[in-house]
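Input: a single structure, listed below in structure tokens.
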Amino acid sequence: MSITKLISAIGNNNSIYPLLIRDCGIENPVKVAMTYKQNKSDKYIAQNAVRERIIDEYATSAIWLGGIPLVNKIFDNFIRKLGFNPNVSTKLFNNDNIQNIDKNIELFKDKAPLAVNDLLKIKNNLKTYKQLQIIKLLASVAIPTVFMGFILPKLNFSLTKKVMKNNKKQANPYVKYLNFDEFDEILREKNSKRNKVSFSGNLFNNLTRLSTVEKMAITDLGLSVGRVTTARNKNEKIDNAVKMTGMMYLNYAAPKQLSKGLNFLSKKLFKLNVNLDPIILNDSDFINAIKTKTFEMPKSDKASDILKFIDTNPNSLYTKTAQKTNLVKLIDGKCRDPRAFVNTDEIITLNKNISDFSKMAFESQNFDKFIKKARRVKNINVMANIIISSALLAFFLPKVQYFFRKLITKNKLEPGLVDAKNK
1 MSITKLISAI
11 GNNNSIYPLL
21 IRDCGIENPV
31 KVAMTYKQNK
41 SDKYIAQNAV
51 RERIIDEYAT
61 SAIWLGGIPL
71 VNKIFDNFIR
81 KLGFNPNVST
91 KLFNNDNIQN
101 IDKNIELFKD
111 KAPLAVNDLL
121 KIKNNLKTYK
131 QLQIIKLLAS
141 VAIPTVFMGF
151 ILPKLNFSLT
161 KKVMKNNKKQ
171 ANPYVKYLNF
181 DEFDEILREK
191 NSKRNKVSFS
201 GNLFNNLTRL
211 STVEKMAITD
221 LGLSVGRVTT
231 ARNKNEKIDN
241 AVKMTGMMYL
251 NYAAPKQLSK
261 GLNFLSKKLF
271 KLNVNLDPII
281 LNDSDFINAI
291 KTKTFEMPKS
301 DKASDILKFI
311 DTNPNSLYTK
321 TAQKTNLVKL
331 IDGKCRDPRA
341 FVNTDEIITL
351 NKNISDFSKM
361 AFESQNFDKF
371 IKKARRVKNI
381 NVMANIIISS
391 ALLAFFLPKV
401 QYFFRKLITK
411 NKLEPGLVDA
421 KNK
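As structure tokens, this is what we get:
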């Protein structure tokens with residue numbers, strides 16, 4: 001992956017990449033270190049706290065980041081075996097006047113017959129396909145949530161209980177504490193107790209519109225509920241509630257607000273429009289077309305006009321630009337994929353951003369200097385967003401959590417481990 005693509009990926013707050021960088025690359029190791037520092041006055045509790053934090057953070061990250069894609073892949077293979085294409089967007093079933101399954105069948109029957117055939121199969125078995133998608137969506141959210149929010153904490157606490165009961169203290173506790181034989185025994189104990197999880201209600205209209213990141217937000221909410229309900233005492237419940245509430249905000253809302261704020265400041269302070277993706281800003285064909293005023297665009301910002309332009313100009317630079325930023329999916333670069341749903345709000349925003357960027361570039365005293373400065377500032381904004389949001393998650397949130405812990409419990413040690421040690 002090139003530097004430009006990497007910056008583009010981590011700057012896209014609707015993708016999992018910023019979450020991956022913040023969670024695994026920065027937040028987890030810092031939280032482990034801060035956990036030890038917070039509990040180091042009692043070395044035995046500190047050792048157990050660090051072990052619990054390592055298991056909790058990294059196992060949760062693995063399930064959180066990989067669970068939804070894995071479950072989706074398993075169910076997609078099952079759906080294919082039943083003769084359906086799982087990539088057909090369920091948003092095409094909504095009553096959208098611009099994009100819907102009937103309109104796309106009629107519009108693309110000659111341009112993309114194979115894709116239209118997929119649509120026809122689903123149209124003729126719409127009830128079955130909807131049910132399959134409901135099961136897939138519920139499973140992709142419920143399975144990771146149950147594992148992260150309920151099973152993992154119980155296993156972690158059981159391991160701590162076992163270690164403390166045996167009172168096996170050693171200079172380097174991690175080798176013995178992370179013994180897989182002990183995990184196997186705990187798993188066998190847990191498997192003997194069946195927990196029934198049931199789901200009811202028609203959630204199709206709400207869940208089918210969710211992106212992977214939005215599903216991750218739901219699993220995080222479930223994780224929060226799980227961590228609070230499985231806590232070992234009242235103080236640990238409050239401690240977890242403070243932590244999980246902060247994580248929800250800092251993972252999903254704060255980065256988007258930061259991005260808007262940084263872009264706004266760039267416009268006010270430097271007279272720059274840096275709302276465009278770094279991939280676009282570094283596309284020499286795009287920049288040259290803007291400079292020579294040969295960049296063709298839809299006649300208006302209306303969704304219908306934009307889609308019509310894309311369908312009649314699949315080889316245009318505008319269409320390729322939308323494709324590069326994953327706003328439009330094309331079949332062999334020849335026509336729009338009728339099985340995919342175009343987010344019209346995002347493509348309208350792209351339209352406006354291109355127009356605004358072009359206007360500001362020509363209003364500047366030096367076009368080339370403006371472009372170079374825009375690229376530099378955009379890259380700085382993306383990295384600043386990652387650094388600030390990561391610092392808030394890794395440093396500020398734990399400090400807030402520890403402040404409330406000491407305020408409520410009059411103790412800076414892990415509240416769940418204090419009781420566990422004294423038992």
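Counted the way my numbering counts, the sequence shown spans residues 1 to 423.
Note that the Cβ used here is the ideal one computed from N, Cα and C, for glycine as well.
Helix, strand or coil at residue i according to DSSP, with G and I counted as helix
{"i": "V213", "result": "helix"}
{"i": "A394", "result": "helix"}
{"i": "A59", "result": "helix"}
{"i": "G11", "result": "coil"}
{"i": "P153", "result": "helix"}
{"i": "S158", "result": "helix"}
{"i": "D181", "result": "Per-residue confidence for D181 stands at a pLDDT of 45, beneath the threshold of 50, marking its modelled position as unreliable; no derived number is given."}
{"i": "P18", "result": "helix"}
{"i": "V163", "result": "helix"}
{"i": "K168", "result": "Note that K168 scores 48 on pLDDT, short of 50, meaning its location in the model is unreliable and no value can be drawn from it."}
{"i": "L82", "result": "coil"}
{"i": "K127", "result": "helix"}
{"i": "S89", "result": "coil"}
{"i": "N94", "result": "coil"}
{"i": "D110", "result": "coil"}
{"i": "Q133", "result": "helix"}
{"i": "N100", "result": "coil"}
Buried versus exposed, by CB contacts within 10 Å (16 or more), residue i
{"i": "I54", "result": "buried"}
{"i": "T292", "result": "exposed"}
{"i": "K165", "result": "exposed"}
{"i": "G11", "result": "buried"}
{"i": "D181", "result": "Caution applies to D181, whose pLDDT of 45 falls short of 50 and renders its modelled position unreliable; the value that the coordinates give is listed next. It counts as exposed."}
{"i": "D419", "result": "exposed"}
{"i": "D368", "result": "exposed"}
{"i": "N48", "result": "buried"}
{"i": "E57", "result": "buried"}
{"i": "N422", "result": "exposed"}
{"i": "D337", "result": "buried"}
{"i": "D277", "result": "buried"}
{"i": "A253", "result": "exposed"}
{"i": "S224", "result": "buried"}
{"i": "P398", "result": "buried"}
{"i": "D23", "result": "buried"}
{"i": "N235", "result": "buried"}
{"i": "F403", "result": "exposed"}
Under 8 Å between C-beta atoms of residue i and residue j
{"i": "N251", "j": "D220", "result": "yes"}
{"i": "N39", "j": "E414", "result": "yes"}
{"i": "I79", "j": "A394", "result": "no"}
{"i": "R232", "j": "F157", "result": "yes"}
{"i": "V329", "j": "P314", "result": "The amino acid at residue 329 is misidentified as Val; the sequence shows Lys. Cβ atoms of K329 and P314: not closer than 8 Å."}
{"i": "V242", "j": "V400", "result": "yes"}
{"i": "P153", "j": "G226", "result": "yes"}
{"i": "F147", "j": "T230", "result": "no"}
{"i": "F370", "j": "L92", "result": "no"}
{"i": "N351", "j": "D301", "result": "yes"}
{"i": "L265", "j": "R375", "result": "no"}
{"i": "T4", "j": "I354", "result": "no"}
{"i": "T347", "j": "I306", "result": "Contrary to the premise, residue 347 reads as Ile rather than Thr in this sequence. Yes. Within cutoff."}
Spatial neighbours of residue i in its chain, beta-carbon cut-off 8 Å, leaving aside the 5 residues before and after
{"i": "F270", "result": "K373 and V377"}
{"i": "Q109", "result": "The residue you asked about is not Gln; residue 109 is Lys in the sequence shown. V116."}
{"i": "I16", "result": "L65, T212, V213 and M216"}
{"i": "V71", "result": "K136, A139, S140, I143 and P144"}
{"i": "N326", "result": "none"}
{"i": "D283", "result": "T321 and K324"}
{"i": "L317", "result": "D285, F286, A289, F295 and E296"}
{"i": "L417", "result": "N39, I45, N48, A49, E52 and T160"}
Cβ-based neighbour list, residue i, same chain, cut-off 6 Å, excluding 5 preceding and 5 following
{"i": "T344", "result": "A303"}
{"i": "L119", "result": "I101 and I105"}
{"i": "N263", "result": "V274 and N275"}
{"i": "I290", "result": "S358"}
{"i": "F309", "result": "P298"}
{"i": "V382", "result": "I7 and G11"}
{"i": "A237", "result": "Looking at the sequence itself, residue 237 is Lys, so the reference to Ala does not match. If we look at K237 and ignore the five residues flanking it on each side, its Cβ neighbours are V228 and A231."}
Spatial neighbours of residue i in its chain, beta-carbon cut-off 7 Å, leaving aside the 5 residues before and after
{"i": "N13", "result": "P255, K256 and S259"}
{"i": "R405", "result": "D239, K412 and P415"}
{"i": "I21", "result": "I10 and I386"}
{"i": "N85", "result": "D118 and R339"}
{"i": "A384", "result": "L262"}
{"i": "I424", "result": "For the chain, the structure presents residues 1 to 423; residue 424 sits outside this window and is missing."}
Residue i beta carbon near the ligand MN (any heavy atom closer than 7 Å)
{"i": "R339", "result": "This structure does not include the ligand MN; it has no bound ligands of any sort."}
(request) Within the region 257-345, note down every full alpha helix (DSSP H) run reaching 4 residues or more, in order along the chain. (result) 278-281, 284-291, 303-312 and 317-324
(message) List, from N- to C-terminal side, the beta strand (DSSP E) runs of 3 residues or more that fit wholly inside the region 31-56.
(response) none
(message) Extract the residue ranges of the alpha helix (DSSP H) inside the region 226-250, only unbroken runs of 4 or more that lie entirely within it.
(response) 234-248
(message) Runs of 4 residues minimum, wholly inside the region 361-421: which ones carry the alpha helix (DSSP H) assignment?
(response) 367-391 and 397-409
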